[in-house]
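K.L.:
So the sequence shown is numbered by our numbering: it starts at 2 and just counts up by one. Sharing a structure with you now.
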Amino acid sequence: MPQAERSYGIKVVHRTRPNMTLLTELFVRYTLAEANSRRDAHDPPVIPRPEVLKPASDPDFTAEGR
Numbered sequence: 002m003p004q005a006e007r008s009y010g011i012k013v014v015h016r017t018r019p020n021m022t023l024l025t026e027l028f029v030r031y032t033l034a035e036a037n038s039r040r041d042a043h044d045p046p047v048i049p050r051p052e053v054l055k056p057a058s059d060p061d062f063t064a065e066g067r
């Protein structure tokens with residue numbers, strides 16, 4: 002077919018608009034997760050002391066607890 006006889010057309014596709022609220026939430030979650038992973042890589046994890054892990058109702062009768 003000669004080029005002069007060819008016809009060209011455009012197909013229009015209508016798509017629904019993106020949910021900006023959902024995309025924003027996804028972006029915020031991704032950013033926070035990335036920031037936390039960077040912080041964890043630079044700072045050592047915080048390990049609570051054993052006395053912090055004791056239940057508050059258990060009285061401490063040791064010399065340190067007086």
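Where a beta carbon is used, it is the ideal one built from N, C-alpha and C, also for glycine.
Can you name, in chain order, every residue of its own chain whose Cβ lies under 8 Å from the Cβ of Y1, other than the five neighbours on each side?
P.N.:
Summary: the structure shown does not reach residue 1, with the chain confined to residues 2 through 67, and so no result is reported for it.
K.L.:
Which of the three DSSP states is assigned to Y31 in this structure?
P.N.:
Correct three-state label for Y31: helix.
K.L.:
To the nearest angstrom, how far is the alpha carbon of F28 from that of P19?
P.N.:
Taken atom to atom, the span from the alpha-carbon of F28 to that of P19 is near 14 Å.
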